[in-house]
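A.B. asks: At position 111 of the sequence shown the residue is numbered 112 (my numbering), and the sequence of numbers has no breaks.
Beta carbons are placed, not taken as given, at the ideal position from N, Cα and C, and that holds for glycine.
Dumping the structure here so I can ask a few things about it.
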Amino acid sequence: MVRLRDVLDFLKRVNEQTRFKGIVRYDEPLSAHTTFKVGGPADVWIRPSADVFEDYAASLLTSARAEGTQVFILGGGANIVPQDAGFRGIVLDAGGYAGLLAEEPGAATFAAGSPVDAAVETAAIRGWGGFEFLAGMPGSIGGAVYMNARCYETSVSDRLMETVVLELDDGVFRKRAIPFRETDFGYKKSPFQNERIGADRQTLILSAKFSICQRESAFIRDEMDARRKDRETKGHYRFPSAGSVFKNNRAFGKPVGKIIDELGLRGLSRGGAMVAPFHGNIIVNTSNATATDVRLLTDEVREIVREKTGFVLEPEIIFL
Ligand SMILES: Cc1cc2nc3c(=O)[nH]c(=O)nc-3n(C[C@H](O)[C@H](O)[C@H](O)COP(=O)(O)OP(=O)(O)OC[C@H]3O[C@@H](n4cnc5c(N)ncnc54)[C@H](O)[C@@H]3O)c2cc1C
């Protein structure tokens, strides 16, 4: 088991090699960094500033890989459920690396830590169409690319042109640009998923370049307002949650939310976690839910659906 002291010694060595600027906290509750408001303490939570982010993250990941220290890359925390016991290792929060990095005709590049909604605003101010569908969606640009987030019949991959990442190359994390390839992505799937923490294929997304088009500002605003209002009406912001719990699947013939509704599971609860009374495919934190409550309720819903319909639901939210 990794001990806190080892992690602190490790961090000290990294900070001696590479200049650090940003925020570091020890025993930081992850509930403060997830939209579900669940999760115990991380040994170390670290948010490097934008000006040192690339170098520092490369150095941290390289040393962590060499020494066997676990690093979890955190975006906006809008799709994760960390354990109540917390995380033994370092949580590297990309939130300090935010903003528009570059623009060129037909394309805009955003840093991974940019909140999605802020990127949508930046685009709207400049009259760039193409991002309106994401208005109001929680999370970061890096997380949205990782998850290949999707709403209103559009996926992030429909706009993606290139991703710049840090990836392991001969023992060292180096920067590499990956041009978009349609076959790498699918429904809520990206090539970055299923990469185990600390494993060879762990990749940190640094930035993403998206295609944009010039569009009348009034139309952009109207569409953004409509998306935000729709989310509000559907109750997305009423309680802490991580949005949809399960992925949809065409083979089911109907949305997962409808299947759960028809089985009468709205309102089913475990501790402080409840299947939203207003949406079958959202679990909400009604009152001090634990990560265990969320996990048990997710498993229970999955089991009831499997028993009654034969459909095996695939969770979309990530249990660390
Ligand atoms: C109210 C609500 C509504 C939602 N609606 C939608 C919706 O309509 N459609 C949809 O698809 N999702 C939706 N979600 C889920 C969530 O917003 C998305 O999955 C989002 O893309 C997650 O991004 P994040 O930055 O919060 O990622 P996190 O939750 O922080 O992380 C998710 C995964 O991405 C990885 N990751 C994050 N950043 C990086 C990076 N820079 N490099 C490498 N890996 C990284 C993490 O390691 C983790 O494995 C909703 C969530 C909420 C709370």
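How far does the alpha helix (DSSP H) with Lys230 in it reach, from first residue to last?
C.D. replies: One-based indexing of the sequence shown puts residue 230 at position 229. Residues Ser218 to Thr234.
A.B. asks: Since Gly258 contacts Asn286 with CB under 8 Å, what's their CB separation in whole angstroms?
C.D. replies: Taking the sequence shown and counting its residues from 1, the one referred to as residue 258 is at position 257. Taking the sequence shown and counting its residues from 1, the one referred to as residue 286 is at position 285. In fact, because the Cβ distance is near 18 Å, the residues do not count as touching under 8 Å.
A.B. asks: How many angstroms separate the CA atom of Met2 from the CA atom of Leu264?
C.D. replies: Residue mapping note: residue 2 aligns to position 1 of the sequence shown, counting from 1. Residue mapping note: residue 264 aligns to position 263 of the sequence shown, counting from 1. Its pLDDT being 44, under 50, Met2 is placed unreliably by the model, and nothing is read from it.
A.B. asks: Is there at least one non-hydrogen atom of ligand 1 closer than 7 Å to the beta-carbon of Tyr57?
C.D. replies: Residue mapping note: residue 57 aligns to position 56 of the sequence shown, counting from 1. Flag unset: Cβ of Tyr57 not near ligand 1.
A.B. asks: What do you reckon, is the C-beta of Met148 under 7 Å from a heavy atom of ligand 1?
C.D. replies: Against the sequence shown, residue 148 aligns to sequence position 147. True, at least one ligand heavy atom lies under 7 Å from that Cβ.
A.B. asks: Cutting at 6 Å between CB atoms, please list the residues of its own chain near Thr293, excluding the five before and the five after it.
C.D. replies: In the sequence shown, the residue the question calls residue 293 occupies position 292. Contacts found: Asp85.
A.B. asks: Taking the beta carbon of Ala125 as the centre, do at least 16 other beta carbons fall within 10 Å, making it buried, or is it exposed?
C.D. replies: In the sequence shown, the residue the question calls residue 125 occupies position 124. It counts as buried.
A.B. asks: As a quick exercise: from Gln203, Ile284, Val157 and Ala150, pick the residue whose alpha carbon is nearest that of Leu167.
C.D. replies: By one-based count along the sequence shown, residue 167 stands at place 166. Selected option, being the one with the closest Cα: Gln203.
A.B. asks: Give me the DSSP bridge partner(s) of Ile284.
C.D. replies: Locating residue 284 in the sequence shown gives position 283, counting from the first residue. According to DSSP, which records beta bridges pairwise, Ile284 is partnered with Val276.
A.B. asks: Just to confirm my understanding: we take Phe320, look at its own chain, exclude 5 residues before and 5 after, and list those with CB closer than 7 Å. What are they?
C.D. replies: What you label residue 320 is simply residue 319 of the sequence shown in a count that begins at 1. For Phe320, where only same-chain residues beyond five positions count, the Cβ hits under 7 Å are Val82 and Arg296.
A.B. asks: Where Phe211 and Asn250 are concerned, what is the direct C-alpha to C-alpha distance, given to the nearest angstrom?
C.D. replies: Numbered from its first residue, the sequence shown carries residue 211 at position 210. Numbered from its first residue, the sequence shown carries residue 250 at position 249. Their Cα atoms are separated by approximately 27 Å.
A.B. asks: Give me, in chain order, the residues of the same chain whose beta-carbon lies closer than 7 Å to that of Gly144; leave out the 5 immediate sequence neighbours on both sides.
C.D. replies: Position 143 of the sequence shown holds residue 144. Closer than 7 Å at the Cβ level, and outside the excluded window around Gly144, lie Gly76, Gly77, Ala79 and Asn80.
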